[in-house]
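Scroll down for the structure; my scribbles are underneath it.
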Amino acid sequence: MRSIRWAAYAAVVACMIAGCSSSDPAPAQTGTQSSAPKADSKPASLTAEQVSDELAKAIPSFKTFRVYTEADDPNKLMGRPGGYTSKTAFYDSRISKDAAVGARDDAIIRGGSVEVFESAELAIKRYEYVKAIAESSSLFTEYDYVSGTALVRVSKELTPTQAREYEAALKEITG
Numbered sequence: 055m056r057s058i059r060w061a062a063y064a065a066v067v068a069c070m071i072a073g074c075s076s077s078d079p080a081p082a083q084t085g086t087q088s089s090a091p092k093a094d095s096k097p098a099s100l101t102a103e104q105v106s107d108e109l110a111k112a113i114p115s116f117k118t119f120r121v122y123t124e125a126d127d128p129n130k131l132m133g134r135p136g137g138y139t140s141k142t143a144f145y146d147s148r149i150s151k152d153a154a155v156g157a158r159d160d161a162i163i164r165g166g167s168v169e170v171f172e173s174a175e176l177a178i179k180r181y182e183y184v185k186a187i188a189e190s191s192s193l194f195t196e197y198d199y200v201s202g203t204a205l206v207r208v209s210k211e212l213t214p215t216q217a218r219e220y221e222a223a224l225k226e227i228t229g
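Here the sequence shown is numbered in the working numbering, starting from 55 and rising by one per residue.
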């Protein structure tokens with residue numbers, strides 16, 4: 055019975071990974087707990103790694119796990135038309151290890167990710183794409199925040215109050 059349950063869980067996780075790893079050239083982010091973002095025309099001034107460094111200063115439970123390159127980007131969007139210019143994955147120590155059993159090391163459920171785009175319009179487009187996926191099933195629910203050219207995707211395992219720390223910090227970082 056346990057092996058059937060684990061197999062079902064593995065299948066759900068595989069579907070989640072496949073759903074969020076689309077090769078759509080300009081997908082948008084899923085945000086279940088944020089208001090519709092507004093575009094501005096400022097160019098990206100910070101990379102995802104720099105945004106992550108600033109988030110780590112503001113949120114003690116934040117830890118950058120991976121800084122992606124074009125070679126290891128799981129979504130194959132980095133540097134491509136409509137894609138992000140940089141991306142990181144992070145952990146949040148407030149999330150139980152049991153919550154992410156069977157998930158990839160860099161899965162959103164373990165903490166989240168930061169994606170930075172060439173323009174705010176592209177960040178919003180990705181936000182909308184991810185939001186559409188999240189709305190299709192509660193399995194894909196996450197908190198998503200866009201400010202300027204940055205999109206921060208945060209694990210649903212955090213409470214709404216904890217997740218709003220990311221929203222506030224992102225607004226502070228990106229002005």
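In this text, a Cβ means the ideal position worked out from N, Cα and C, and glycines have one as well.
Note down the Cα distance separating residue i from residue j, rounded to an integer number of angstroms.
i, j, result
"Ala174", "Lys225", "13 Å"
"Ala161", "Leu131", "16 Å"
"Glu221", "Gly136", "24 Å"
"Cys74", "Ile178", "In this prediction, Cys74 scores a pLDDT of 42, lower than 50, which makes its location untrustworthy; no coordinate-derived value is stated."
"Ile149", "Gly133", "31 Å"
"Glu211", "Thr123", "27 Å"
"Tyr183", "Phe171", "14 Å"
For residue i and residue j, which I take to be in contact (beta-carbon distance under 8 Å), what is that distance rounded to the nearest angstrom?
i, j, result
"Gly165", "Asp152", "Wrong, their Cβ atoms sit about 15 Å apart, outside the cutoff."
Shorter than 6 Å, the distance from the beta carbon of residue i to the closest heavy atom of the ligand NAP, or not?
i, result
"Thr195", "This structure lacks the ligand NAP, and indeed carries no ligand of any kind."
If we count the other Cβ atoms within 10 Å of its Cβ and call it buried at 16 or more, is residue i buried or exposed?
i, result
"Ser140", "buried"
"Leu109", "buried"
"Gly156", "exposed"
"Gly229", "exposed"
"Lys111", "exposed"
"Leu176", "buried"
* Any chance you could list the alpha helix (DSSP H) runs of at least 4 consecutive residues sitting entirely within the segment 95–123, in chain order? => 102–112
* Would you mind listing the beta strand (DSSP E) stretches within the segment 136–215 that are 3+ residues and don't spill past its ends, in chain order? => 138–146, 165–171, 196–201 and 204–209
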